[in-house]
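S.K.: In my numbering, the protein residues as written are 67 to 180.
Heads up, the beta-carbon is just placed ideally off N, CA and C, and yes, glycines get one too.
To start, I am sharing the structure in question, which I have written as structure tokens.
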């Protein structure tokens with residue numbers, strides 16, 4: 067299973083970015099799919115994920131600013147990030163739970179700085 071991420075970059079505080087993650091597996095085999103992030107010197111943490119039924123988990127620190135969605139036809143999950151803050155700076159990792167195993171992408175860097 068491959069997860070291909072895109073959409074990271076440098077943005078000013080208050081700006082927006084959209085991350086994409088395309089899976090090589092069909093969504094029908096995916097239990098959940100989403101994003102974690104890891105900032106320098108910190109542990110990896112859940113940002114948001116979406117389950118097969120469409121329900122989501124979103125971290126309190128990004129609620130109201132980040133939205134996770136998916137396109138079943140493209141086996142792709144999106145993370146729309148608005149009102150970005152410097153503390154959102156991190157490497158964002160796409161991941162998916164498929165048939166009892168969790169797969170991870172390579173990560174994409176997001177830097178929020180003026």
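List the whole-angstrom C-beta distance separating residue 157 from residue 78, where the pair is believed to meet the contact cut-off of C-beta under 8 angstroms.
M.R.: Incorrect: roughly 19 angstroms between the Cβ atoms, too far for contact.
S.K.: Candidates 180, 142, 102, 80: which alpha carbon is nearest residue 91's?
M.R.: When each option's Cα is compared against that of residue 91, the closest is 142.
S.K.: Would you identify the three-state DSSP class for residue 105, choosing helix, strand or coil?
M.R.: It is coil, neither helix nor strand.
S.K.: Whose CA, out of 67, 153, 86, lies closest to the CA of residue 73?
M.R.: Out of 67, 153, 86, 86 has the C-alpha closest to the C-alpha of residue 73.
S.K.: Within 10 angstroms of the Cβ of residue 80, are there 16 or more other Cβ atoms? Answer buried if so, exposed if not.
M.R.: When all chains shown are included, residue 80 counts as exposed.
S.K.: Would a C-beta distance cut-off of 8 angstroms place residue 67 and residue 169 closer than the cut-off?
M.R.: Contact: yes.
S.K.: Where does residue 138 land, buried or exposed, given buried means 16+ other C-beta within 10 angstroms?
M.R.: With fewer than 16 other Cβ atoms within 10 Å, it is exposed.
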